[in-house]
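In my numbering, the protein residues as written are -5 to 260.
Here a beta-carbon is modelled for each residue, glycine too, at the ideal position from N, C-alpha and C.
Heads up: the structure comes next, in structure tokens.
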Amino acid sequence: MLQQTQVERVVPHYEAFVARWPGFAALAAAEAADVVRAWRGLGYNSRAVRLHALARAVQARHGGLLPADPAALRALPGIGAYTASALRAFAFELDDAAVDVNVRRVIHRVALGLEHPRLADDRTLDTLAIAAVPHGAAHDWNSALMDLGATICTARAPKCLICPLRDACVAAPVDPVELTTRARAHAPAKSPQSGIPFERSTRYLRGRIVDRLRDLAPREALPLATLLRDLAASVPGDRLHEIPNVVDMLVRDGIVTCDSQEVRLA
DNA sequence: AATTCGGGGTA
DNA sequence: TACCCAGAATT
-5 MLQQTQVERV
5 VPHYEAFVAR
15 WPGFAALAAA
25 EAADVVRAWR
35 GLGYNSRAVR
45 LHALARAVQA
55 RHGGLLPADP
65 AALRALPGIG
75 AYTASALRAF
85 AFELDDAAVD
95 VNVRRVIHRV
105 ALGLEHPRLA
115 DDRTLDTLAI
125 AAVPHGAAHD
135 WNSALMDLGA
145 TICTARAPKC
155 LICPLRDACV
165 AAPVDPVELT
175 TRARAHAPAK
185 SPQSGIPFER
195 STRYLRGRIV
205 DRLRDLAPRE
215 ALPLATLLRD
225 LAASVPGDRL
235 HEIPNVVDML
245 VRDGIVTCDS
255 QEVRLA
């Protein structure tokens, strides 16, 4: 849930989720569609599908216990470099650096200066982070850097005056105007979709379709024609014809199934 | 290396 | 409005 989603917004969903499915065994026994339903409001619905697949893989491959080995973790669905390291540091208390966007920014500023333009690639920043982890204290170190990045060393207006690292930091004190100017100067080119209103984007259509299917009873399916009729209220008229294509995308992503012109959560 | 995948909160 | 976010998978 925390992949690209703020902590404060995840917490209530997380509490409800683990209350309903307290472990891998319970989650593996659940229907994928119910997991996607529980994901409402979180976005990035593929994460729900992958988490469900993860639970089943942990049951099948590892007897219901998450492995601590990096390669074994990375081989599981939805677990990339960051999540593997986060699990090792937080769940297993092993020495590892969970380098998320916060840690990456803090390391860059402290060691190299302002991050616009980027003065090192991800691999280099990972190496710097790993070298900085105190032996036996990875859990605390990762927590500290993430929280520092989220509350003090923020992307927009860092609070250098109250930062515990200000004396050791190459970038401090950061001039907020300079930061904004540089960020804009080195901002990545806008994607082709960014010009159009969000309500006309594929993402919006996907969201409306999945949300409509979430309202169905468990295992209930909706005729494609009915889906089109219901979405006419929230989707621009000239985009309605795209819905079958977008349903196909959702099918490929494992979020939705469609057989004989009837659509439902996978 | 570049894209795609949500949605809600904040300045 | 624009920006931001405990990334991962695909091409």
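Per DSSP, the bridge partner or partners of residue i
i: Thr251; result: Arg258
Alpha-carbon to alpha-carbon, residue j and residue i
i: Asp116; j: Tyr76; result: 11 Å
i: Asp161; j: Ala105; result: 12 Å
i: Pro238; j: Ile73; result: 31 Å
i: Glu193; j: Leu88; result: 45 Å
i: Val4; j: Arg41; result: 13 Å
i: Glu256; j: Ile101; result: 51 Å
i: Met140; j: Asn96; result: 6 Å
i: Val204; j: Leu259; result: 8 Å
i: Leu59; j: Asp90; result: 20 Å
i: Val1; j: Gly231; result: 36 Å
i: Val245; j: Asp224; result: 20 Å
i: Pro170; j: Pro182; result: 20 Å
i: Arg208; j: Thr175; result: 43 Å
i: Val250; j: Leu(-4); result: 23 Å
i: Leu222; j: Ala51; result: 36 Å
i: Leu159; j: Leu210; result: 52 Å
i: Asp63; j: Leu36; result: 29 Å
i: Thr33; j: Thr145; result: A small correction: the amino acid at residue 33 is Trp; Thr does not occupy that position in the sequence shown. Cα to Cα, the separation comes out at about 26 Å.
i: Gln187; j: Arg14; result: 37 Å
i: Leu48; j: Thr196; result: 27 Å
i: Tyr198; j: Ala177; result: 27 Å
i: Ala219; j: Arg206; result: 13 Å
i: Ala215; j: Pro16; result: 28 Å
i: Ala125; j: Ala131; result: 13 Å
i: Val127; j: Glu236; result: 49 Å
Where the alpha helix (DSSP H) through residue i begins and ends
i: Asp224; result: 218 to 225
i: Leu210; result: Unbroken run through Leu210: none, as it is neither H nor E.
i: Ile101; result: 95 to 106
i: Ser40; result: 40 to 56
i: Met243; result: 237 to 246
i: Ser185; result: Careful: Ser185 lies outside any alpha helix (DSSP H) and carries neither H nor E.
i: Thr118; result: 116 to 126
i: Phe18; result: 18 to 23
i: Asp28; result: 26 to 32
i: Ala78; result: 75 to 80
i: Val12; result: 1 to 14
i: Arg68; result: 64 to 68
Contacts around residue i, its chain only, beta-carbon distance under 8 Å, and the 5 residues preceding and following it disregarded
i: Gln53; result: Phe18, Ala19, Ala22
i: Leu155; result: Pro167
i: Ser185; result: none
i: Leu347; result: Residue numbering for the chain in the displayed model covers -5 to 260; residue 347 lies beyond these limits and cannot be assessed.
i: Pro212; result: Glu25, Ala27, Asp28
i: Leu234; result: Leu222, Leu225, Ala226
Same chain only: Cβ atoms within 6 Å of residue i, ignoring 5 sequence neighbours per side
i: Ser228; result: Arg202
i: Asp120; result: Val93
i: His180; result: His110, Pro111
i: Pro152; result: Val168
i: Ala165; result: Arg103, Gly107, Leu108
i: Arg31; result: Arg208
Own chain partners of residue i with C-beta closer than 7 Å, once the 5 adjacent residues on each side are dropped
i: Arg99; result: Glu109, Gly143, Cys147, Ala149
i: Cys252; result: Val241, Val245
i: Pro61; result: Leu67
i: Pro217; result: Gln255, Glu256
i: His133; result: Ala83, Phe84, Glu87
Complete alpha helix (DSSP H) runs within the stretch 135 to 181 (minimum length 4 residues, chain order)
170 to 179
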